[in-house]
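Note that the protein sequences, when read in sequence, are chains A and B.
In case it helps, my numbering puts the first sequence at residues 99 to 595.
In case it helps, my numbering puts the second sequence at residues -15 to 458.
Shown next, in structure tokens, is the structure this report addresses.
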Amino acid sequence: MPREQMPEFSSSVKLKYVKLGFQYLVDHFLSLLLIPIMAIIAIELLRMGPEEILNVWKSLHFDLVYLLCSCFFVIFISSVYFISKPRTVYLVDYCCYKPPVSCRVPFATFMEHSRLILNDKPKSVEFQMRILERSGLGEETCLPPAIHYIPPTPTMDEARSEAQMVIFTAMDDLFKKTDLMPKDIDILIVNCSLFSPTPSLSAMVINKYKLRSNIKSFNLSGMGCSAGLISVDLARDLLQVHPNSNAIIVSTEIITPNYYKGNERAMLLPNCLFRMGSAAILMSNHRSDRWRAKYKLSHLVRTHRGADDKSYYCVYEQEDKDGNIGINLSKDLMAIAGEALKANITTIGPLVLPASEQLLFLLSLIGRKIFNPKWKPYIPDFKLAFEHFCIHAGGRAVIDELQKNLQLSGEHVEASRMTLHRFGNTSSSSLWYELSYIESKGRMRRGDRVWQIAFGSGFKCNSAVWKCNRTIKTPKDGPWSDCIDRYPVFIPEVVKL
Amino acid sequence: MDLLCVLSSLLISYLIFKIWKRIDSKRDQNCYILDYQCHKPSDDRMVSTQFSGEIILRNKHMRLNEYKFLLKAIVSSGIGEQTYAPRLFFEGREECPTQQDALSEMEEFYIDTIKKLLERNKLSPSDIDVLVVNVAMLNSTPSLSARIINHYKMREDIKVFNLTAMGCSASVISVDIVKNIFKTYKNKLALVVTSESLSQNWYNGNNRSMILANCLFRSGGCAVLLTNKRCLSGRAMFKLKCLVRTHHGAREDSYNACVQKEDELGRVGIHLDKTLPKAATRAFVDNLKVITPKILPVTELFRFVLSLLLKKLRGNPSKGSTAVAQAAPKAGINFKTGIDHFCIHTGGKAVIDAIGYSLDLSEYDLEPARMTLHRFGNTSASSLWYVLGYMEAKKRLRRGDRVFMISFGAGFKCNSCVWEVVRDLNVGESLGNVWNHCIDQYPPKSIVNPFLEKYGWIREEDDHDTFKIREEAM
């Protein structure tokens, strides 16, 4: 995205205050208009004096019938208004999976395994080391037990047991936290991109928790790291149609069957970055949940760039020349992510930006079209629309790129960087780990708006906007509970191994 | 005073307007099938019983008992001589498939069907607002839905969902998603693409419960255009009346009836348990319990309740029940009062027989399902649409008729829905109907397998040591 280059005097303080004043004026336009009107009415009332006011009141002929009718109409209008409003969708609570210490993969372990498995390909081992040094991952990320074997044993049974471990632990925690009975779940959506056995993972969850037979279950797969937000979209659409329902979303990625065993460079990259993790989320549209829910869903925008060939082929599963299946990440990934983000922002901007920013953007657009095409386009300041940002921890480069494009400060992307450091790239569940980080740091206040952005294969960019419903106390449990005090850590460019 | 009157009348008229708008908006929430296109693979992919025998024989791990079992299964399956298999079976590579094979199998299907569907309806791919793809046994990155979007250059703001592993009932689940989206968003066009990927799912071991799946499934698929646009409702074929989903995953025996797992030697296959028919029956009965009150007229329900009460008073258990009756109890209720046509998932001859018995259906009612099983085999989730195509080709569908779709899936699920025919459907219009070329030959005089004689000898062959099947059969 092109940068804004304002002339020299913009850096002066005076202009900053002018901009602030302009923003205030435009954002609160309607209320500012109301003040003079109310002032006039107040002056009139004061002028008339109490006897005249009483006369006016008496002359209105308030019959009982009139009174009753007007009350009835007022009640009727308000009830029709409330019924026809789209149902608010609440995020009641969510739980992220914290892997056991025995699954940790510090750098030393990873490199040793890599040397043993790829012992006849030193160049690939060196490549993996270079990636790991610059990856932004920490020493506490985890891989499933089957991958710890040398060589890894990715059987279907092991994959199923990893799925059971990550999904059931997260769901058990969620049930405890929210006091939800399994019988009360109406909608279940499970998304896991790379592993889909028959019967589906959603059937596995239904079997374990003995869920009702008229449950609406859906199993999405193949949709990449943005599948978590696609599940939220589906849950929202279903909750609009079915009143008083609970929806559980399980977002995970099962690593076991997808460990790349070959030595093609571009396909070794996911081995270094993807780690195990999962999240279970409870959403509902019960009105009674509006007191205990953590967030309200404001907007959700999905953008699919599959029509463009370059975007489509940038994350592609294929076989290498030896027949090993792996995921090929193209070198243009950053540029394509930037393009997808631009397309997504074009749709979400008008929904979330304050009126002042939109007006400035419109003016600069008009200016560019009519006066001088050489003007740089105005990039709206998204920091005015959101207090917190959760950028999918796809990798260090993704976070850097987005920080540059959206002109965010280090603190805004801190949640994403620290999640990448502590948990690695957990695919669709990473957004929830990041949200948990912000809560654990005690930064989430009532009314704060959060923007979750995720990218996925295909190429998709999905974003969701949540509004915090109540100030969240620092959680005592959760994935960050034992280490939040150590964060944020400084992550150097290169960690020498 | 006058001001008050004016204000109140304004208020009243606004309220009436709002109420009318809300009632009117209900009309936009209907789910219509605009058109559908089933896939007929090219003739060089036809697999006869003879060829099925050859493919089975290529599996070197099997012994006599397994061969017997499989050949018996094929011969008595109700599957005919013109079903289709993926290309790699003809190249002898079923035991070492590549991912490219699976993808080309899907490409052949969706490029053909979606193109025909859009051309016939004079729509462009960028008109599609919702895309739901369900292929149970294929999981690729990018997903199949992304492949379709890339091939047809669909819009950026398309709502897309990719379902997998939901078994043979996934078609109805996709329609469920579309139905829910239509209730919230107006004027949308949805495309549901349903198929099954067989290329990578050949089991090359010898575990009895897993080899059966090799012989039952055939290639096929369907693309369905759905809409809730009022302007298109005149051109629509069917309207969705109700949809009911039942999931018995909570029961251990139902959940384990159909599981994909590794055998003792680590080869992946789909294990079909002996308790599968019972699990299916239970799920079916539960599903019927929910959907029957929604689709049958009150008089029939009343009559059924009365007959139940009378039976209870008399205390009369049913005598002389056959094996089929034990597996599928008679419903005791006349479904023909509310339903005119029955679209049964062609899971196999036993499935169709069992449903026919329990719903008390005649041969005429079961004919579409039996003929689909014979001509196209068990194409998994898309089989329902082939059965519908048969009914349409036979000119059975008249305006106002109701079609009942029943499907089963792993997990164990039973999903069903009822469609109402919107306008008389005559063959002349459905140029794309896959039955057009051969409908006059159906129903044939006999659907007994011609190889019954040829492979009948295997029932007598008992000696493992002198078993020399290759020379005999070839």
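Note that beta-carbon positions come from the ideal geometry of N, C-alpha and C, so glycine has one too.
- Ranking A:Gly424, A:Phe120 and A:Leu461 by CA distance to the CA of A:Tyr358 puts A:Gly424 first.
- Chain A has a Cβ within less than 9 angstroms of the Cβ of B:Val252.
- Under the DSSP definition of a beta bridge, B:Asn118 partners with B:Leu147 and B:Thr178.
- Between A:Gly540 and A:Lys571, the C-beta gap is smaller than 9 angstroms, which places the two residues in contact.
- Considering only beta carbons, the part of the region 269 to 282 of chain B lying closer than 8 angstroms to chain A consists of Asp270 and Val274, in chain order.
- In chain order, Ser233, Gly234, Leu371, Leu518 and Asn523 place their CB closer than 8 angstroms to the CB of A:Gly493, counting only its own chain and leaving out the 5 sequence neighbours on each side.
- Between B:Thr97 and B:Cys206, the C-beta spacing is below 9 angstroms.
- Residues of the same chain with a CB within less than 7 angstroms of the CB of A:Thr267, apart from the 5 flanking positions on each side, are Tyr195 in chain order.
- Inside the region 266 to 321 of chain A, DSSP marks whole beta strand (DSSP E) runs of 3 or more residues at positions 285 to 290 and 314 to 318, from first to last along the chain.
- CA-CA distance, B:Asp160 to A:Leu449, rounds to 29 angstroms.
- B:Val243 and B:Val117 have their alpha carbons spaced roughly 22 angstroms apart.
- For the options A:Trp564, A:Tyr410, A:Asp498 and A:Lys502, the alpha carbon positioned closest to that of B:Glu140 is the one of A:Tyr410.
- Residues of the region 528 to 558 of chain A with a Cβ closer than 9 angstroms to any Cβ of chain B, in chain order: Gly554, Ser555, Gly556, Phe557 and Lys558.
- Chain-order list of chain A residues neighbouring B:Ile165: Asp335, by C-beta distance under 8 angstroms.
- Around the beta-carbon of B:Arg202, 16 or more other beta-carbon atoms lie within 10 Å, marking it buried.
- With a threshold of 9 angstroms between beta carbons, A:His402 makes contact with chain B.
- A straight-line Cα-Cα distance of about 50 angstroms links A:Lys440 and B:Ala263.
- Taking a C-beta cut-off of 8 angstroms against chain B, the contacting residues of the region 319 to 333 of chain A are Ser319, Gly320, Met321, Gly322, Ile328, Asp331 and Leu332, listed in chain order.
- According to DSSP, residue pairing for A:Ser561 in a beta bridge involves A:Val399 and A:Ile551.
- Here A:His486 is bridged, per DSSP, to A:Val548.
- Taking C-beta atoms as the reference points, B:Gly416 and B:Arg29 fail to come closer than 9 angstroms.
- As DSSP reads the structure, B:Ile390 sits in a beta bridge with B:Ile328 and B:Ser400.
- With contact defined as three or more Cβ pairs closer than 8 angstroms, the region 378 to 397 of chain A and the region 341 to 348 of chain A are in contact.
- Boundaries of the beta strand (DSSP E) harbouring B:Val252: Val252 to Leu256, taken from the DSSP string.
- Taking C-beta separations shorter than 7 angstroms and ignoring five residues to either side along the sequence, the partners of B:Leu72 in its chain run Glu78, Pro81, Asp85 and Ser183, following chain order.
- Taking 9 angstroms as the cut-off, the Cβ atoms of B:Gly316 and B:Glu284 do not count as close.
- In the three-state reduction of the DSSP assignment, B:Thr363 falls in the coil class.
- CA-to-CA, the gap between A:Cys488 and A:Arg543 works out to about 16 angstroms.
- For B:Leu357, the three-state secondary structure derived from DSSP is helix.
- The beta carbon of B:Thr230 is closer than 6 angstroms to those of Ala267, Asp270, Asn271 and Cys398 in its chain, skipping five residues each way along the sequence.
- Legend: CB atoms of the region 395 to 427 of chain B lying less than 9 angstroms from CB atoms of chain A belong to residues Gly395, Phe396 and Lys397.
- At a cut-off of 9 angstroms, the C-beta of A:Thr350 has no neighbouring C-beta in chain B.
- Using a Cβ-Cβ cut-off of 9 angstroms, B:Ala264 does not count as an interface residue toward chain A, since no Cβ of chain A sits closer than that to its own.
- Contact between A:Trp530 and A:Ala405 fails: their C-beta atoms lie close to 30 angstroms from each other, not under 8 angstroms.
- The beta-carbon distance between B:Leu115 and B:Val144, rounded to whole angstroms, is 5 angstroms. This is short enough to meet the 8 angstroms contact definition.
- Inter-residue distance for B:Lys278 and B:Met389 is about 14 angstroms (C-alpha atoms, whole angstroms).
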